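Working notes, beginning with the structure itself.
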Amino acid sequence: MKDLTIKLAGIQLRNPTMLASGILGISSSLLNRVYESGAGCVVTKSVGPDQRVGYSNPCILEVSGGYLNAMGLPNPGIDEFLTELTELTEKNVPTIVSIFGDDDEKFGLVAHAAEETGVLGIELNISCPHAEVSTIGQSPEITNRVVKAVKNAVSIPVFVKLTPNVTDIVEIAHAAEAAGADGLTAINTVRAMAIDIHSKVPILSNKYGGLSGPAIKPIAIRCVYEIYEQVKIPIIGVGGISSWQDAVEFMLAGATAIQIGTGIRNAGLKIFKDICEGISSYLTEEQFFSISELIGAAHKS
Amino acid sequence: MVKISRIEIETSNIKTLYFNLPLINETASPGQFLMIWLPQLDEIPISISEIDPEIAISVKKIGPATNTLHALTVGDRIGVRGPYGNGFSIEGESPLIVGGGIGMAPFPFLIRELQNVSHNITIINGARTKNEILYLKKLQKITKNGLKLLNTTDDGSFGEEGYASTLAIQYLQTGSFDQVYTCGPEPMIWDLFKVTEDLQIPLQASLERLMKCGIGLCGQCCLDPLGYRTCLEGPVFKSEILRQISDFGNYKRDFTGQKMPL
Chain A
1 MKDLTIKLAG IQLRNPTMLA SGILGISSSL LNRVYESGAG CVVTKSVGPD
51 QRVGYSNPCI LEVSGGYLNA MGLPNPGIDE FLTELTELTE KNVPTIVSIF
101 GDDDEKFGLV AHAAEETGVL GIELNISCPH AEVSTIGQSP EITNRVVKAV
151 KNAVSIPVFV KLTPNVTDIV EIAHAAEAAG ADGLTAINTV RAMAIDIHSK
201 VPILSNKYGG LSGPAIKPIA IRCVYEIYEQ VKIPIIGVGG ISSWQDAVEF
251 MLAGATAIQI GTGIRNAGLK IFKDICEGIS SYLTEEQFFS ISELIGAAHK
301 S
Chain B
1 MVKISRIEIE TSNIKTLYFN LPLINETASP GQFLMIWLPQ LDEIPISISE
51 IDPEIAISVK KIGPATNTLH ALTVGDRIGV RGPYGNGFSI EGESPLIVGG
101 GIGMAPFPFL IRELQNVSHN ITIINGARTK NEILYLKKLQ KITKNGLKLL
151 NTTDDGSFGE EGYASTLAIQ YLQTGSFDQV YTCGPEPMIW DLFKVTEDLQ
201 IPLQASLERL MKCGIGLCGQ CCLDPLGYRT CLEGPVFKSE ILRQISDFGN
251 YKRDFTGQKM PL
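Those protein sequence lines, which keep their order, are chains A and B.
Letter by letter, the first sequence follows residues 1 to 301 of this note's numbering.
Letter by letter, the second sequence follows residues 1 to 262 of this note's numbering.
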């Protein structure tokens with residue numbers, strides 16, 4: 001096995017695979033299990049200032065090429081969630097906390113509370129395509145303001161998760177970088193819908209949801225590629241990764257690390273280990289000296 | 001969506017709905033569940049009670065979704081996805097099945113599978129009162145094939161008086177069972193678990209937690225400290241896993257993800 005250690009905005013990870021936010025991230029026990037299965041680091045479910053029950057069922061359904069979901073940011077609120085975070089840091093599970101808030105100040109408060117538990121970084125969910133926070137990530141001005149507020153509140157690295165549901169994702173990436181973001185996560189799910197032909201109504205209780213899975217991978221690759229050309233901070237690539245080949249493709253496009261979510265559905269938790277082994281063999285076969293040479297290699301021409 | 005082909009009234013508050021879905025017939029195993037969708041209302045997990053040729057789900061009226069399921073008529077449609085989860089494994093020559101109330105739901109399917117390997121099956125079917133005993137006629141019909149059926153009611157209006165677990169514990173202490181299957185209220189399962197541990201008899205128990213995705217992605221139904229998902233590694237867990245689940249008999253998560261006493 002090749003050395004797959006990477007440095008992401010100053011954070012050293014044993015490998016570039018991360019658990020994507022929103023998947024399995026409700027309890028320390030499950031996040032610990034994901035880490036033990038081989039992930040380089042885990043990202044929690046998005047946590048906000050107050051508890052939220054989320055949308056009623058159905059909040060997920062399978063469509064061709066992936067899954068459509070609208071969970072509605074269910075979470076017990078940051079105060080309650082601190083227990084789970086402390087359990088993770090006590091077990092030395094490298095953890096990034098995904099957060100959201102109603103305004104700049106709340107974003108800052110939640111981030112600060114999370115930092116106190118000793119987590120490695122913060123990921124800002126300003127891009128959930130079916131909740132109120134989506135509007136933040138669609139405006140360069142508001143993105144800039146929220147990132148600044150969080151940067152002022154914490155000293156650990158801050159990653160900004162971007163939505164593909166905009167005309168120009170690079171514009172938002174620039175705004176986040178200018179505000180001091182330490183890294184970008186691209187992309188969140190693609191706003192989508194499914195309608196049942198018998199009852200003739202949208203299936204998700206929230207009507208609109210976010211599409212994940214293989215169907216969105218080419219969109220995500222394009223976004224990572226575009227952002228890499230224009231910004232200097234590291235990019236975490238996410239969207240439809242289900243194999244080591246997908247992971248390599250994201251890194252060639254410019255991703256320093258990659259996140260896996262929906263891919264767990266078919267491959268199970270061993271997907272992290274499988275992807276690492278695949279990347280390792282690829283590095284040997286393609287005669288790469290180190291994993292960092294992969295990052296952005298598709299931009300040479 | 002699929003059309004309901006038949007409806008059977010089981011008890012004062014339980015109905016069984018039947019429908020045809022060949023794909024589920026081919027892949028389902030006893031103890032697995034389906035996510036049943038009612039447009040613009042809810043989607044809930046329900047055990048598969050029978051397959052082949054029709055799929056059967058037994059539904060107890062407990063809230064808006066189950067009330068709506070009770071109001072449906074033959075020809076109405078419901079959304080169905082699944083089968084999901086880890087079901088029962090067919091083990092043991094002298095199994096004891098203990099069901100409490102609607103907890104009997106996965107057992108007609110299990111009993112049929114068990115009958116392929118065992119001619120010495122004992123069933124304890126518990127309910128609160130006589131008119132709430134599930135599958136009474138169906139089970140009486142199959143007792144002719146070497147099954148022993150015992151009924152209990154909390155109020156003594158039919159069969160033995162008392163809880164299903166109380167009678168089961170008596171039987172376990174005197175009988176020679178080599179496998180116990182159970183589903184029902186968690187306190188009942190917990191009582192059975194303690195006794196099967198003392199007697200070193202393997203237990204397979206179907207647990208229930210709030211579910212959202214049903215496919216192991218959202219984490220809503222996870223059990224501490226192993227981080228096992230009720231919808232994927234469960235709902236059926238064996239003794240060796242139950243032993244390690246501290247949430248078992250103690251805690252569940254509400255829809256915000258917060259842990260609370262059962």
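No residue lacks a Cβ here, since even glycine has one placed at the ideal position from N, Cα and C.
These figures come from a predicted structure and were not determined experimentally.
My parser needs the beta strand (DSSP E) runs of 3 or more residues fully inside the segment 127-191 of chain A; what are they? Correct list: 158-162 and 183-186.
Does the count of Cβ pairs from the segment 4-16 of chain A and the segment 217-232 of chain A closer than 8 Å reach three? Counting Cβ pairs under 8 Å, fewer than three are found: no touch.
With a 10 Å radius around its C-beta and 16 neighbouring C-beta atoms as the bar for buried, classify L283(A) as buried or exposed. Residue environment: L283(A) is assigned as buried (16 or more neighbouring CB atoms within 10 Å of its CB, all protein chains considered).
Tell me which residue opens and which closes the alpha helix (DSSP H) that M188(B) is part of. Note, M188(B): alpha helix (DSSP H), E186 to L199.
With C-beta atoms as the reference, is A186(A) less than 8 Å away from A153(A)? In this structure, the beta-carbon distance from A186(A) to A153(A) does not fall below 8 Å.
Which residues in chain B have a C-beta closer than 9 Å to the C-beta of I264(A)? List them in chain order. Those are G216 and L217, listed as they occur along chain B.
Roughly how many angstroms separate the alpha carbons of I123(B) and C218(B), rounded to a whole number? Those two C-alpha atoms are separated by around 35 Å.
Using the three-state DSSP reduction, which class does K217(A) fall into: helix, strand or coil? K217(A): helix per DSSP, three-state reduction.
For the segment 16-35 of chain A, which residues have a beta carbon sitting closer than 7 Å to at least one beta carbon of chain B? Taking 7 Å as the Cβ-Cβ cut-off against chain B, the residues of the segment 16-35 of chain A that qualify are I23, L24, G25, I26, S27, S29, L30, N32 and R33.
Length at least 3, wholly inside the segment 5-58 of chain A: the beta strand (DSSP E) runs in chain order: Taking only runs of at least 3 residues, the beta strand (DSSP E) segments lying wholly in the segment 5-58 of chain A are 6-8, 11-13, 17-19 and 41-43.
For D198(B), count neighbouring C-beta atoms within 10 Å of its own C-beta (all shown protein chains included) and say buried if the count is 16 or more, exposed if not. Taking a 10 Å sphere around the C-beta of D198(B), we find fewer than 16 other C-beta atoms and assign the residue as exposed.
Measuring alpha carbon to alpha carbon, tell me which residue in K7(A), I227(A) and P218(A) is nearest E177(A). Of K7(A), I227(A) and P218(A), the residue nearest in Cα terms is I227(A).
Cβ neighbour criterion (16 or more within 10 Å) applied to E249(A): By the Cβ neighbour-count rule, E249(A) is buried, with 16 or more other Cβ atoms within 10 Å of its own.
Taking the alpha-carbon of A267(A) as reference, which of A253(A), S281(A), I241(A) and T256(A) has the nearest alpha-carbon? Ranking the options by Cα distance to A267(A), first place goes to I241(A).
Using DSSP's beta-bridge definition, name the partner residues of Y228(B). Looking at the DSSP output, Y228(B) sits in a beta bridge with L223(B).
Assuming the contact rule is C-beta atoms closer than 8 Å, G210(A) and V190(A) should be a hit. Round their C-beta distance to whole Å, please. Between the beta-carbon of G210(A) and that of V190(A) there is about 6 Å, and that keeps the pair under the 8 Å contact cut.
6 Å CB neighbourhood of V236(B) in its chain, flanking five on each side removed: Correct list, in chain order: G31, N86, G87, F88, Q204 and S206.
With H, G and I counted as helix, E and B as strand and the rest as coil, what does DSSP make of A194(A)? Coil.
Report the rounded CA-to-CA distance for E43(B) versus T174(B), giving the unit in angstroms. When rounded, the distance between both Cα atoms is 43 Å.
Quick check: is the beta carbon of C222(B) nearer than 8 Å to any beta carbon in chain A? Judged by the 8 Å Cβ criterion, C222(B) is in contact with chain A.
Any idea if N151(B) is buried or exposed, counting beta-carbon neighbours within 10 angstroms, 16 or more meaning buried? With 16 or more other Cβ atoms within 10 Å, it is buried.
Is there a Cβ from chain A that is less than 8 Å from the Cβ of M1(B)? It does; some Cβ of chain A falls within 8 Å.
From the DSSP output, read off the bridge partner residues of E43(B). Beta-bridge annotation (DSSP): E43(B) is paired with W37(B).
Count Cβ pairs between the segment 44-52 of chain B and the segment 259-276 of chain A that sit closer than 8 Å; are there 3 or more? Proximity of the segment 44-52 of chain B to the segment 259-276 of chain A falls short of the contact definition, fewer than three beta-carbon pairs being nearer than 8 Å.
With a threshold of 8 Å between beta carbons, is F255(B) in contact with chain A? Answer yes: the Cβ-Cβ gap between F255(B) and chain A drops below 8 Å somewhere.
Please report how far the alpha carbon of L68(A) lies from the alpha carbon of A194(A), in whole angstroms. Spanning the two alpha carbons is a distance of roughly 8 Å.
Which residues share a DSSP beta bridge with A56(B)? In DSSP, A56(B) forms a bridge with Y18(B) and E50(B).
What separation, rounded to the nearest whole angstrom, lies between the Cα atoms of I264(A) and G103(B)? Distance between the alpha carbons of I264(A) and G103(B) is about 31 Å.
Give a yes or no on whether the C-beta atoms belonging to S46(A) and G227(B) are separated by under 8 Å. For S46(A) and G227(B), no; Cβs fall outside 8 Å.
Contact defined as beta carbons within less than 8 Å: I believe V98(B) pairs with S165(B). What is the distance between those atoms, to the nearest angstrom? S165(B) and V98(B) do touch by the CB rule: their CB atoms are close to 7 Å apart, below 8 Å.
In the structure shown, what three-state DSSP assignment does A297(A) receive? In this structure, DSSP gives A297(A) a helical state, which the three-state scheme calls helix.
Is there a C-beta anywhere in chain B that falls below 8 Å from the one on D79(A)? Closer than 8 Å: no.
Our contact map puts N206(A) next to A20(A) with C-beta atoms below 8 Å; I'd like the distance itself, whole angstroms only. Not really, about 20 Å apart at Cβ, beyond 8 Å.
Quick one: Cα of P64(B) to Cα of Y55(A), how far? Distance between the alpha carbons of P64(B) and Y55(A): 16 Å.
Look up I169(B) in the DSSP assignment and give the residues it is bridged to. Answer is none; I169(B) lacks a bridge partner.
Environment of R33(A) [buried if 16+ CB atoms lie within 10 Å]: With 16 or more other Cβ atoms within 10 Å, it is buried.
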